[in-house]
Amino acid sequence: MIKYQYITEYNEDFNEVILDFSMDTYLKNGYSISDSLGSDIFSDFATVKDEIEKSLDLIAGKSALYEGGGNVNIIRSDKIFTTIDDIFAEDDEEDSTCKIETLEFTKIILIWAKENFQYKCKRGVMLKDEAELAVDWINKKCIEVHELEFR
Numbered sequence: 034m035i036k037y038q039y040i041t042e043y044n045e046d047f048n049e050v051i052l053d054f055s056m057d058t059y060l061k062n063g064y065s066i067s068d069s070l071g072s073d074i075f076s077d078f079a080t081v082k083d084e085i086e087k088s089l090d091l092i093a094g095k096s097a098l099y100e101g102g103g104n105v106n107i108i109r110s111d112k113i114f115t116t117i118d119d120i121f122a123e124d125d126e127e128d129s130t131c132k133i134e135t136l137e138f139t140k141i142i143l144i145w146a147k148e149n150f151q152y153k154c155k156r157g158v159m160l161k162d163e164a165e166l167a168v169d170w171i172n173k174k175c176i177e178v179h180e181l182e183f184r
């Protein structure tokens with residue numbers, strides 16, 4: 034579904050899934066994507082829905098710019114690219130910005146959210162009905178993203 038490589042990790046202490054993009058050699062500073070998921074983009078269903086809807090509006094040309102984040106990174110998206118800037122990077126540090134296609138970033142959020150809801154349900158920290166509702170919505174959005182990708 035996505036063009037970047039990642040490793041899926043499961044954090045039992047916090048009942049969350051981590052998608053680690055630091056291994057992808059084509060994605061500069063991919064770690065910042067991993068850092069943003071869960072800290073700048075929260076894993077509750079309402080936040081995921083909001084982030085995805087805003088991303089889809091950008092991709093469809095309904096809006097021009099979206100800015101979010103602020104806990105670990107600043108996330109700026111337009112129709113084509115999303116940049117993720119590490120707010121804790123020192124001024125003398127080498128470039129700590131990750132630039133990724135907005136469509137790919139949207140797919141990553143969908144994959145991460147789906148994995149998280151399924152994992153939380155499995156761990157008993159999310160009701161099965163809530164997880165199924167969220168996963169069903171995500172599956173529909175994946176179809177929508179696929180249609181946008183090949184438009």
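First residue of the sequence shown: 34, per our numbering; consecutive thereafter. Using N, Cα and C, we set each Cβ at its ideal position, and we do this for glycine too.
Cβ-Cβ separation, residue j to residue i (assumed contact under 8 Å), whole Å
i: I144; j: I35; result: 7 Å
i: N106; j: I113; result: In fact, because the Cβ distance is near 19 Å, the residues do not count as touching under 8 Å.
i: F92; j: T135; result: According to the sequence provided, residue 92 is Ile. The question's Phe does not apply to it. With 8 Å as the limit, I92 and T135 qualify as a contact, their Cβ atoms being about 6 Å apart.
i: C131; j: L60; result: 7 Å
i: L98; j: D111; result: 5 Å
i: T139; j: S88; result: 4 Å
i: E188; j: N172; result: The structure shown has nothing for residue 188, since the chain only spans 34 to 184.
Same chain only: Cβ atoms within 8 Å of residue i, ignoring 5 sequence neighbours per side
i: S129; result: N62, S65, D118, D119 and A122
i: L166; result: F78
Cβ-based neighbour list, residue i, same chain, cut-off 7 Å, excluding 5 preceding and 5 following
i: K174; result: I85 and L143
i: I74; result: T80, E84 and I142
i: E137; result: I35, K36 and Y37
i: D90; result: S96
i: S72; result: N104 and V105
Separation of residue j from residue i, as counted between CA atoms
i: D46; j: Y39; result: 21 Å
i: Q219; j: S96; result: With the chain running from 34 to 184 in the structure shown, residue 219 is simply not present.
i: H179; j: V158; result: 30 Å
i: K161; j: D169; result: 12 Å
i: Q103; j: S76; result: Checking the displayed sequence, the identity of residue 103 turns out to be Gly instead of Gln. Cα to Cα, G103 sits roughly 15 Å from S76.
i: D68; j: R184; result: 31 Å
i: F78; j: E163; result: 9 Å
i: D53; j: Y43; result: 11 Å
i: G94; j: L181; result: 11 Å
i: I133; j: K153; result: 28 Å
Cβ shell of residue i (< 6 Å), same chain only, five flanking positions each side left out
i: R109; result: E100 and T116
i: S55; result: G63 and Y64
Residue environment, residue i, which counts as buried when at least 16 other CB atoms sit within 10 Å
i: K147; result: buried
i: K155; result: exposed
i: I193; result: No answer is possible for residue 193: it lies beyond the span of the chain, which begins at 34 and ends at 184.
Cutoff 7 Å: residue i Cβ touching any chain D Cβ
i: I107; result: Reference to chain D is not applicable here, since this structure consists of a single protein chain.
Original post:
What are the uninterrupted segments assigned as alpha helix (DSSP H) that are 4 or more residues long and contained completely in the region 75 to 101, given in chain order?
Top reply: Restricted to the region 75 to 101, the alpha helix (DSSP H) segments that are unbroken, complete and at least 4 residues in length are 78 to 92, listed in chain order.
Original post:
In chain order, which continuous runs of the alpha helix (DSSP H) of length 4 or greater are located wholly inside the region 96 to 167?
Top reply: The region 96 to 167 contains, as complete alpha helix (DSSP H) runs of 4+ residues, the segments 135 to 155 (chain order).
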